[in-house]
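Comments concern the structure below.
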Amino acid sequence: MSTAARTTNKMSGKVDEDLYVGVDVGSGSVRAALVDGRGRAIHTHTHTITIANPQQDYYEQDSEEIWQAVCVCVKAVTKEVEDKSKIRGIGFDATCSLVVVAPDFTPVSVSPSTGEDRFNIIMWMDHRASGEADFINSHPHKVLSFVGGKVSPEMQTPKLLWLKKHMTSTWVKAGHFFDLPDYLTFKATGSTSRSLCSLTCKWTYLSEQVGTGDESQSEGWDEEFFRLIGLEDLAEENWVRIGQEVRAPGERCGGLTHTAAHMMGLCTHTPVAASFIDAHAGCLALAAAGLTDGQVLTGRLGLICGTSTCHMALSPGPIEVPGVWGPYGGAVLPSTYLAEGGISASGALVDHIIRGHPCGGGGGGSDGNIYKRLEECLEEEARREKLSSPSLLTRHLHVYPDFHGNRSPLADSHMTGMVCGLNLDLSERSLALTYLATLQALAYGTRQIMAHMTRAGHALTSVLMCGGLCASDLYVQTHADALGMEVLTPQQQPSVLLGAAMLGAAASGRHASLEAAARAMGGPVRRWPPRPEVKA
């Protein structure tokens, strides 16, 4: 396990009696936060985890390494709490990665190059199953209408089909296929129940009755669909390997086992909530941020900006948007429907652009200071050219950002990106300009997705942003300028961890519902108006 870790203490003095733990497993790190009843993070801790990239489009991880990191983080943020019974609940979120374990829950390899069992996770951003996704999409079925018309290779059904076709021994050995968030709740409680969030959004589980008359399909797995795409054995096994018991996010799925409690330094039986995918935890926290009394959570577009960017909007009724995943009933909150657009590589693209330049130092993601240097360089260049804003420096330099395919609104995983307007300049100035053009390209991608959703019927009244990329003021302001509307960022960061803690608060029974917990913990926002002088 990597030993790189970071702890922060964001508050001192007396805290609310009720405390909650939120755990977030991102692509490259595990984080935990101790949060009070008003949503304020008291302690946070971060621990890096390994990503194996044995060949192009293959990304793998180790579930045991991740679980050990989870326990380290939880123990770190709660060690100063003398009375552990004050920690009323714990919630987990994680990337929508596929975990494969044997019937005895030991890891089973997903790595054809090494065959090592410890690499038993196909990461969300792994595109090895692009051919299987194309195959599934060539068989029209009503289930596909709930994923924007097409499955993505980032979803689990194509990955399951890939394993069945290309790693037969793994397929035969596997006793359980978990979404990573559900694997974490299993490790914490021993329950193999699944979250409605993961199953609906990534596994083609139907969260409500669809169709009418003889063609209607009740909530659950669609056996016809799984037979059509060649996964009939999952149906014949009565779905035991992919989930028979389904719980709503925030519902109590059990309590910490003695083993898990000991590893985390918490009380046995501490309530554990049914989980969220990481972006969906951010969606809930954003939807609740800065709410006024009586304001509804629907109609707010939340951008969760990390390795990828997820564009999440809740609506009171189902709205089908071609190229946008959903509508997913109850995936975040009961009686709401989620639409989920996205950009497959955003933070990953920024890091790629920086790493590929001679002045990038070979590690954009590992040197936080480089972003500050580049943005200072842009300010200096704007002053030198007597421009009103650095945004105008890229008049002749453009980036098309689909370096890892287009998730939304084109739903084409085979698309590629480009940079137009390059010359022979290899100075830091050239890197700064390409960096800015990349941020602008991502903002225009958001504008395209938002326009697509609006045309389909979404009434989007505000935009909120969170995630690692939002540490850059330039990134957030560029979105406000490109969208031509005010953008909000929560003051209670990090939002994804807060969303996970909201799950724990709901499971504790201290609130009437998950929405009530979110409203109590949402917190204030900062406002970013668009600048008229750089109107896009």
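This note's numbering puts the first residue of the sequence shown at 1079, with every later residue one more than the last.
For each residue, glycine too, the CB sits at the ideal point set by N, CA and C.
Item: Could you check the C-alpha separation between V1288 and S1296 for me, to the nearest Å?; Value: With a pLDDT of only 47 at V1288, under the threshold of 50, the placement of this residue in the model should not be trusted; the figure read from the coordinates follows. Distance between the alpha carbons of V1288 and S1296: 6 Å.
Item: Given a cut-off of 7 Å on the beta-carbon distance, is the pair C1498 and H1476 in contact?; Value: yes
Item: I need the DSSP call for A1594, collapsed to helix, strand or coil.; Value: helix
Item: Under 8 Å Cβ to Cβ from V1155, same chain only, skipping five residues before and after it: list those, please.; Value: T1085, V1099, A1110, A1111, L1112, I1120, H1121, T1122, H1123
Item: Suppose you measure from the CA of T1290 to the CA of C1279; what does that come to, to the nearest Å?; Value: For T1290, the predicted structure reports a pLDDT of 39, less than 50, and the residue's modelled location is therefore unreliable. A value from the coordinates is still provided. Using only the alpha carbons, I get a separation of about 22 Å.
Item: Between the Cα of H1435 and those of G1253, P1236, L1500, V1229, spot the shortest distance and give me the residue it belongs to.; Value: L1500
Item: On the three-pair Cβ rule with 8 Å, is the segment 1236-1243 touching the segment 1362-1382?; Value: no
Item: Identify every run of the alpha helix (DSSP H) within the segment 1237-1276, keeping only runs that are complete inside it and at least 4 residues long; order them along the chain.; Value: 1246-1251, 1258-1267
Item: Please report the straight-line C-alpha distance between I1199 and G1106, rounded to a whole angstrom.; Value: 13 Å
Item: Considering only C-alpha positions, which residue in the set L1309, T1539, E1398, G1321 is nearest to R1378?; Value: T1539
Item: With DSSP collapsed to three states, give me the class of N1131.; Value: coil
Item: Rounded to whole angstroms, what is the Cα-Cα separation between R1597 and A1579?; Value: 13 Å
Item: For S1223 and G1404, what's the separation of their Cα atoms in angstroms?; Value: 8 Å
Item: Note down, in chain order, each residue of its chain lying with its Cβ closer than 7 Å to the Cβ of P1412, except the 5 sequence neighbours on either side.; Value: A1326
Item: Alpha carbons only, please: which of K1153, P1181, S1505 is nearest the one belonging to G1253?; Value: P1181
Item: Leaving aside the five residues before and after E1232 along the sequence, list all residues of the same chain whose C-beta is less than 6 Å from its C-beta, in chain order.; Value: W1202
Item: Does the structure place the segment 1312-1324 close enough to the segment 1144-1159 that three or more beta carbon pairs sit under 8 Å?; Value: no
Item: State the beta-bridge partners of I1421 as determined by DSSP.; Value: T1387
Item: With a 10 Å radius around its C-beta and 16 neighbouring C-beta atoms as the bar for buried, classify P1568 as buried or exposed.; Value: buried
Item: Would R1485 be called buried (16 or more neighbouring beta carbons within 10 Å of its own) or exposed?; Value: buried
Item: Can you pull the DSSP bridge partners for L1542?; Value: G1380, L1566
Item: Mapping the DSSP letters down to three states, classify M1531 as helix, strand or coil.; Value: helix
Item: Indicate the three-state DSSP secondary structure (helix, strand or coil) for G1601 in the structure shown.; Value: coil
Item: Considering only residues of the segment 1317-1352, which uninterrupted alpha helix (DSSP H) runs meet the minimum length of 4 residues and lie entirely inside it, listed in chain order?; Value: 1336-1342
Item: Starting from Y1136, trace the beta strand (DSSP E) both ways and give me its first and last residue.; Value: Careful: Y1136 lies outside any beta strand (DSSP E) and carries neither H nor E.
Item: Per DSSP, which residues does P1185 bridge with? Please list them.; Value: V1179
Item: Assign Q1133 to one of two classes, buried (16 or more other C-beta atoms within 10 Å of its C-beta) or exposed (fewer than that).; Value: exposed
Item: Comparing alpha-carbon positions, which option in V1250, P1396, E1160 lies nearest D1311?; Value: V1250
Item: Please identify the residue among V1159, M1496, M1390 whose C-alpha is closest to the C-alpha of L1427.; Value: M1496
Item: On the criterion of 16 or more Cβ atoms from any shown chain inside 10 Å, does K1450 qualify as buried, or is it exposed?; Value: exposed
Item: Compute the Euclidean distance between the alpha carbons of A1351 and I1431, then round it to the nearest angstrom.; Value: 39 Å
Item: Let's see if you can read the secondary structure: which residues bound the alpha helix (DSSP H) around I1448?; Value: 1447-1462
Item: Please tell me whether D1356 and V1574 are closer than 7 Å, where the distance is taken between their beta carbons.; Value: yes
Item: For G1546, which of I1127, L1381, R1118 has the nearest alpha-carbon?; Value: L1381
Item: Within 10 angstroms of its Cβ, does A1537 collect 16 or more other Cβ (buried), or is it exposed?; Value: exposed
Item: Could you check how far apart the C-beta atoms of T1335 and G1268 are, in whole angstroms? I think they sit under 8 Å.; Value: 5 Å
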